[in-house]
Amino acid sequence: MSDAPSTVDVKPRKRKARRETTLQALPWLAPALILIGGVVIYPAGYMIYTSFRDITRFGTDRGWAGWTNYEAVFNLAHLPKVFLNTGVWVVGVVAVSIALSMVLAQFLNKRFPGRRVVRLVIIVPWAASVVMTSTIFVYGLDPFYGIINRLLTDVGLISEPYGFLKNATAGFFSAAAVAVFVSVPFTTFVILSGLQTISDDTLEAAQIDGASRTQTYWQVVFPMLRPALAVATIINVINVFNSLPILRTMTGAIPGYDADTTTTLTFKIIQADRQIDTASALSVINFLVVLVVIGVYLRVVRPMRED
Amino acid sequence: MRSRISDVLCVVAAILVALPLYWMVLSALKPAGEIQSADPRPWTFAPTLDSFRRVLDVQGFGQYFLNSALVAVLVVGGSILLSFLSAVALTRFRFRGRTVLLVMLLVAQMVPVEALTIPLFFMVRSVGDVAPAFGLNELGPLVLVNLAFSLPFAIWMLRGFVAAVPADLEEAAALDGASRFQFTWRVLFPLVAPGLVATSVLSFIHSWNDFLFARTLIYSSTENRTLPQALLVFYKPDEQDWGAIMAGSTLMTIPVLIFFVLVQRHLVSGLAGAVKG
Numbered sequence: 001m002s003d004a005p006s007t008v009d010v011k012p013r014k015r016k017a018r019r020e021t022t023l024q025a026l027p028w029l030a031p032a033l034i035l036i037g038g039v040v041i042y043p044a045g046y047m048i049y050t051s052f053r054d055i056t057r058f059g060t061d062r063g064w065a066g067w068t069n070y071e072a073v074f075n076l077a078h079l080p081k082v083f084l085n086t087g088v089w090v091v092g093v094v095a096v097s098i099a100l101s102m103v104l105a106q107f108l109n110k111r112f113p114g115r116r117v118v119r120l121v122i123i124v125p126w127a128a129s130v131v132m133t134s135t136i137f138v139y140g141l142d143p144f145y146g147i148i149n150r151l152l153t154d155v156g157l158i159s160e161p162y163g164f165l166k167n168a169t170a171g172f173f174s175a176a177a178v179a180v181f182v183s184v185p186f187t188t189f190v191i192l193s194g195l196q197t198i199s200d201d202t203l204e205a206a207q208i209d210g211a212s213r214t215q216t217y218w219q220v221v222f223p224m225l226r227p228a229l230a231v232a233t234i235i236n237v238i239n240v241f242n243s244l245p246i247l248r249t250m251t252g253a254i255p256g257y258d259a260d261t262t263t264t265l266t267f268k269i270i271q272a273d274r275q276i277d278t279a280s281a282l283s284v285i286n287f288l289v290v291l292v293v294i295g296v297y298l299r300v301v302r303p304m305r306e307d
Numbered sequence: 001m002r003s004r005i006s007d008v009l010c011v012v013a014a015i016l017v018a019l020p021l022y023w024m025v026l027s028a029l030k031p032a033g034e035i036q037s038a039d040p041r042p043w044t045f046a047p048t049l050d051s052f053r054r055v056l057d058v059q060g061f062g063q064y065f066l067n068s069a070l071v072a073v074l075v076v077g078g079s080i081l082l083s084f085l086s087a088v089a090l091t092r093f094r095f096r097g098r099t100v101l102l103v104m105l106l107v108a109q110m111v112p113v114e115a116l117t118i119p120l121f122f123m124v125r126s127v128g129d130v131a132p133a134f135g136l137n138e139l140g141p142l143v144l145v146n147l148a149f150s151l152p153f154a155i156w157m158l159r160g161f162v163a164a165v166p167a168d169l170e171e172a173a174a175l176d177g178a179s180r181f182q183f184t185w186r187v188l189f190p191l192v193a194p195g196l197v198a199t200s201v202l203s204f205i206h207s208w209n210d211f212l213f214a215r216t217l218i219y220s221s222t223e224n225r226t227l228p229q230a231l232l233v234f235y236k237p238d239e240q241d242w243g244a245i246m247a248g249s250t251l252m253t254i255p256v257l258i259f260f261v262l263v264q265r266h267l268v269s270g271l272a273g274a275v276k277g
């Protein structure tokens with residue numbers, strides 16, 4: 001009870017101080033915030049707005065549409081298949097990328113001759129444009145002159161060249177492999193930077209305590225990698241979810257929707273059907289799904305300490 | 001013994017990663033007859049620069065290269081400056097809504113980009129009526145758009161770096177009579193340099209390889225095209241010029257690789273900023 005007067009005293013002062021620091025921080029933040037607001041947030045708001053309008057194929061706005069665009073999305077016959085594909089695509093590509101990257105990062109963290117060169121080689125798929133990497137794979141998978149087909153037949157894995165990009169299922173999984181290929185470099189480097197925050201002393205201490213290599217990894221190294229894995233997972237989920245060029249380049253020519261994710265479906269609705277309003281509704285749904293997935297991930301895994 | 005096996009596996013993985021690159025360069029050097037041969041070979045005895053010549057002969061290739069370079073340099077410079085300022089504000093000032101702002105940045109990162117191309121197109125068109133340099137078919141909006149989309153992650157990444165600089169240092173600098181401005185640019189900026197390097201790599205790749213925005217915003221100008229668009233001429237529905245596509249991809253990848261070689265030493269420690277949270 002005796003504290004009461006002092007709290008009353010302190011609060012306004014604190015609030016005033018806060019307002020002052022907010023004002024001080026503003027000039028530092030303003031350029032970035034104005035830019036992100038204008039180029040990302042405003043168009044995103046416009047996208048949400050469009051999803052509730054009735055817009056013709058020629059761009060004429062015919063007024064309020066209520067939920068009809070969303071109904072149109074949920075009435076698409078191929079939607080369940082596309083949702084399933086999206087789930088497989090995101091979970092599969094991200095999980096495999098992270099697993100491979102953990103192994104690669106462990107290796108690249110050791111000292112060995114030529115490490116710089118190997119690190120540089122691993123970076124290449126990250127440096128190259130995704131459209132071009134996908135194109136290289138289209139060329140390599142060609143049944144007539146593709147080297148990958150040739151290699152697989154020579155090794156005996158397949159008896160004759162196979163048109164990987166001629167049917168939806170094979171095309172989809174080939175594209176997923178390419179998605180892993182382009183995600184691994186960034187993921188590896190993020191995990192590698194996480195590994196470097198672990199000091200040699202920590203590892204030595206584990207060894208002195210008699211921990212085996214496997215034990216050391218899972219009980220000492222892995223928990224310390226949590227923040228790195230979280231960054232890798234979040235960024236990969238966002239990128240893989242919204243990835244358009246790989247599937248577009250590799251399976252875009254296959255008729256039907258069996259190799260589509262929500263992102264490529266959105267693109268098809270814009271390009272082929274010219275239904276901007278329906279496409280906007282689907283994009284909003286897409287965005288909400290990513291938001292929920294990341295939100296749940298942050299809640300469950302709690303990768304970042306609150307500061 | 002176990003680690004031997006895993007080392008071998010990793011070398012195999014590294015080779016697998018390198019194969020497409022090798023295949024790209026090799027196909028760029030193969031003579032016309034070998035490129036679509038039914039008997040593809042992983043080597044060539046008659047390397048030729050013909051494919052490269054076809055790429056370089058594309059009308060205005062040099063101009064497109066310069067355009068791409070100009071956009072990339074401006075985006076990198078802008079993202080270093082703006083993400084640094086924001087990261088300082090987000091770590092050194094305690095103000096209301098700081099956490100909300102951080103979450104909003106992450107949300108901005110999640111927006112599906114291709115859906116934004118249509119509103120962006122209309123927006124840039126109306127901006128062009130007022131400021132012609134930032135209208136359609138100009139490089140100005142391309143810089144701003146690529147910059148805006150690379151900022152959220154850059155800020156997240158740098159935040160860890162700025163936070164790692166102890167507050168004592170700032171107090172010591174203040175005692176020595178340094179203003180906040182002096183401290184920020186003379187002390188803080190050099191200290192977070194590795195983080196800035198990693199930021200610049202990401203924004204460089206982002207804008208150099210950008211295809212979507214370039215195609216949306218520079219839809220009819222021939223002189224303001226960027227490199228990825230220039231290479232489109234070799235994509236034809238039925239018969240693609242694989243040699244030229246591979247040569248073009250090789251030429252496009254080289255600048256990014258040079259950039260990586262220059263900053264490689266700082267890349268790993270640079271990403272650590274994001275990882276520290």
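Read top to bottom, the protein sequences are chains A and B.
Start counting the first sequence at 1; every next residue gets the next number (full-length UniProt numbering).
Start counting the second sequence at 1; every next residue gets the next number (full-length UniProt numbering).
For every residue, glycine included, the Cβ atom is placed at its ideal position computed from N, Cα and C.
Can you look up A:G295 in the DSSP assignment and give me helix, strand or coil? helix
Buried or exposed, going by whether 16 or more other CB atoms sit within 10 Å of the CB of residue 294 of chain B? The structure shown does not extend to residue 294 of chain B, since chain B is modelled only from 1 to 277, so the question has no answer here.
Thinking C-beta only, is B:V75 closer than 9 angstroms to B:N146? yes
What are the residues in the stretch 268–296 of chain A lying within 9 angstroms of chain B by C-beta distance? So the list reads I270, I276, A279, S280, L282, S283, V284, N286, F287, V290, L291 and I294, given in the order they occur along the chain.
Taking its Cβ as the centre, do 16 or more other Cβ atoms sit within 10 Å of B:G195, making it buried, or is it exposed? buried
Buried/exposed call for residue 317 of chain A, threshold 16 Cβ in 10 Å: Nothing can be reported for residue 317 of chain A: it is not among the residues displayed for chain A, which extend from 1 to 307.
If distances are taken between C-alpha atoms only, which option among B:D39, B:R94, B:V58 and B:L175 comes closest to A:R19? When each option's Cα is compared against that of A:R19, the closest is B:R94.
Could you say which of A:F172, A:I98 and A:Q24 lies nearest to A:P255 if we only look at CA atoms? A:F172
Buried or exposed: which applies to B:E171, given that a residue is buried once 16 or more other Cβ atoms fall within 10 Å of its Cβ? exposed
CA nearest to the CA of B:L85, picked from B:S68, B:M123 and B:F181: The residue with the shortest Cα to Cα distance from B:L85 is B:F181.
How many Å lie between A:R279 and B:L49 at the Cα? Residue identity check: residue 279 of chain A is Ala in the sequence provided, not Arg. So the alpha carbons of these two residues sit roughly 44 angstroms apart.
Contact list for A:I136 against chain B, beta-carbon separation under 9 angstroms: In chain order: P20, L21, W23, M24, S27, I245, M246 and S249.
Could I get the ranges of all uninterrupted alpha helix (DSSP H) runs contained in the stretch 95–145 of chain A, with 4 residues as the minimum, in chain order? If we require 4 residues or more, the alpha helix (DSSP H) runs fully inside the stretch 95–145 of chain A come out as 115–127 and 130–140.
For B:A46, which of B:Q59, B:D39 and B:L29 has the nearest alpha-carbon? B:L29
Return the first residue and the last residue of the alpha helix (DSSP H) that A:I246 is part of. Element bounds for A:I246: P245 to T251.
Alpha-carbon to alpha-carbon, A:L225 and B:A272: 11 angstroms
So with Cβ pairs under 9 angstroms, would you call A:M250 a contact of chain B? no
Helix, strand or coil for B:D168? Go by DSSP, reduced to three states. helix
Just how far apart, CA to CA, sit B:E223 and A:L35? About 26 angstroms.
Specify whether the stretch 252–266 of chain B and the stretch 123–137 of chain A touch according to this definition: at least 3 beta carbon pairs, one from each stretch, less than 8 angstroms apart. yes
Leaving out five residues before and five after A:T261 in sequence, what residues of the same chain have Cβ atoms less than 7 angstroms from its Cβ? V82, N85, T86, W89 and L247
A:I55 (DSSP reduced to helix, strand or coil): strand
Cβ contact check for the stretch 133–150 of chain B and the stretch 118–125 of chain B: 3 or more pairs under 8 angstroms: yes
With DSSP collapsed to three states, give me the class of B:D7. helix
A:G252, buried or exposed, once every other Cβ within 10 Å from all chains shown has been counted against 16: buried
I believe B:R159 touches B:L90 by the beta-carbon criterion, under 8 angstroms. Please report the beta-carbon distance rounded to the nearest angstrom. Under the criterion of beta carbons closer than 8 angstroms, B:R159 and B:L90 qualify as touching, at roughly 6 angstroms.
For A:I147, which residues from the same chain have a beta carbon less than 6 angstroms from its beta carbon, with the 5 sequence-adjacent residues on both sides left out? G140
Give the DSSP-derived three-state secondary structure of B:W156 in the structure shown. helix
Give a yes or no on whether the minimum CB-CB distance between A:Y257 and chain B is below 9 angstroms. no
Could you give the distance in angstroms between the alpha-carbon of B:E239 and the alpha-carbon of B:Q36? 11 angstroms
Close Cβ partners of A:T249 (< 7 angstroms) along its chain, the five nearest in sequence each way excluded: V131, S134, T135 and V138
Selected residue, minimal CA-CA separation from B:V261, among A:L152, A:V121, A:F58 and A:Y49: A:V121
Other residues of its chain near B:L105: CB distance less than 7 angstroms, five sequence neighbours each side excluded: P152, I155 and W156
CA-to-CA distance, B:D176 to B:L191, given in whole angstroms: 18 angstroms
So with Cβ pairs under 9 angstroms, would you call A:S2 a contact of chain B? Low local confidence applies: a pLDDT of 42 at A:S2 is under 50, so the model's placement there is unreliable, and no value is given.
Ordered along the chain, which non-local residues of its own chain (more than five positions away) have a Cβ less than 7 angstroms from that of B:A173? F183 and V187
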